[in-house]
Amino acid sequence: DTGVSQNPRHKITKRGQNVTFRCDPISEHNRLYWYRQTLGQGPEFLTYFQNEAQLEKSRLLSDRFSAERPKGSFSTLEIQRTEQGDSAMYLCASSLVGRVGSPLHFGNGTRLTVT
Amino acid sequence: AQSVTQLDSHVSVSEGTPVLLRCNYSSSYSPSLFWYVQHPNKGLQLLLKYTSAATLVKGINGFEAEFKKSETSFHLTKPSAHMSDAAEYFCVVSDPLRDMRFGAGTRLTVKP
Numbered sequence: 001d002t003g004v005s006q007n008p009r010h011k012i013t014k015r016g017q018n019v020t021f022r023c024d025p026i027s028e029h030n031r032l033y034w035y036r037q038t039l040g041q042g043p044e045f046l047t048y049f050q051n052e053a054q055l056e057k058s059r060l061l062s063d064r065f066s067a068e069r070p071k072g073s074f075s076t077l078e079i080q081r082t083e084q085g086d087s088a089m090y091l092c093a094s095s096l097v098g099r100v101g102s103p104l105h106f107g108n109g110t111r112l113t114v115t
Numbered sequence: 116a117q118s119v120t121q122l123d124s125h126v127s128v129s130e131g132t133p134v135l136l137r138c139n140y141s142s143s144y145s146p147s148l149f150w151y152v153q154h155p156n157k158g159l160q161l162l163l164k165y166t167s168a169a170t171l172v173k174g175i176n177g178f179e180a181e182f183k184k185s186e187t188s189f190h191l192t193k194p195s196a197h198m199s200d201a202a203e204y205f206c207v208v209s210d211p212l213r214d215m216r217f218g219a220g221t222r223l224t225v226k227p
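From first to last, the protein sequence lines stand for chains A and B.
In terms of this note's numbering, the first sequence opens at residue 1 and continues consecutively.
In terms of this note's numbering, the second sequence opens at residue 116 and continues consecutively.
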């Protein structure tokens, strides 16, 4: 178990640019989540996948945001035409659905700064 | 739909005194409940979880939480605070058919 891995750790970009983040979940986990956390706030749910299917998207996820998990393993989160309000920590987590009370295992996050 | 409310945004205790962090939830199903801790500039770490077994759940670092269905509460406690407990604590609710939702967090300060 190597844990949930997120890359990059930090990303600084100029407003209007596109960015893409990657998450590698724990290998046997079938559920993958994306959250966004701003300073002093709790993680806000963005979207989640069960295997390759995207089951739910938050209203926070505007049409500039897209997430994929093409083979049910790693996932990418892309933000197009970034805005300063997108600056946040983007957290990925995975879990094993089907096991009651399976907790989320979090990565260390990708901190995005939009200048 | 499920939701979770952490009743205190900030709790301050003295070292060696008890800690109580309050959490109330709502869920359409029998929920699973979790507490996570986040130290400054660190990732989220699972403290403990409730999954419909024993209502009193013991976690790491001396923390425990009691599930009270009648009160829809899952408060986190520790008999004696340590300086290293200073962190942000999140209560999380989950049911089998949906995602996991976080409370807004409680910042615990421990005074020497």
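No residue lacks a Cβ here, since even glycine has one placed at the ideal position from N, Cα and C.
The beta strand (DSSP E) runs of length 3 or more contained entirely in the stretch 173–215 of chain B are, from start to end of the chain, 179–183, 188–193 and 202–209. Interface with chain A (7 Å Cβ-Cβ cutoff): Gly220(B) is included.
Closer than 7 Å to the CB of Leu32(A) there is not a single CB belonging to chain B. In the pairwise beta carbon analysis, the stretch 186–204 of chain B is classified as touching the stretch 134–142 of chain B: at least three pairs are separated by under 8 Å. For Asn30(A), there is no enclosing beta strand (DSSP E), since its DSSP letter is neither H nor E. The C-beta separation of Ser94(A) from Leu32(A) comes to about 5 Å, placing the pair in contact by the 8 Å criterion.
Between Val225(B) and Ala201(B), the gap from beta carbon to beta carbon is short of 7 Å. Segment contact: the stretch 8–22 of chain A against the stretch 76–85 of chain A, three or more CB-CB distances shorter than 8 Å; contact assigned.
Per DSSP, Gln50(A) is one residue of the beta strand (DSSP E) stretching across Glu44 to Gln50. For the stretch 18–29 of chain A, no residue has a beta-carbon sitting nearer than 9 Å to a beta-carbon of chain B. Rounded to the nearest angstrom, the gap between the Cα atoms of Tyr204(B) and Arg64(A) is 31 Å. Check the Cα spacing between Glu186(B) and each of Asp123(B), Tyr140(B), Val128(B) and Ser129(B): the tightest is with Tyr140(B).
Secondary structure at Gln17(A): coil, using DSSP grouped into helix, strand and coil. Membership of Phe149(B) in the beta strand (DSSP E) is indicated by the continuous run Ser147 to Gln153. Annotation: Cβ neighbours of Arg216(B) in chain A (cutoff 7 Å, chain order): Phe45. Between Thr166(B) and the set Ser129(B), Ala219(B) and Ser147(B), the nearest pair of CA atoms involves Ser147(B). Rounded to the nearest whole angstrom, the CA to CA distance from Thr47(A) to Ala67(A) is 8 Å.
Apart from the 5 residues on each side of it in sequence, Lys164(B) sits with its Cβ closer than 6 Å to the Cβ of Phe149 in its chain, given in chain order. Residue contact check for Gly158(B) against chain A: a CB pair falls below 7 Å. Contact annotation for Pro103(A) against chain B: Phe149, Leu161 and Lys164 [CB-CB distance below 8 Å, chain order]. Put simply, the backbone Cα of Phe106(A) is about 11 Å away from that of Gln153(B).
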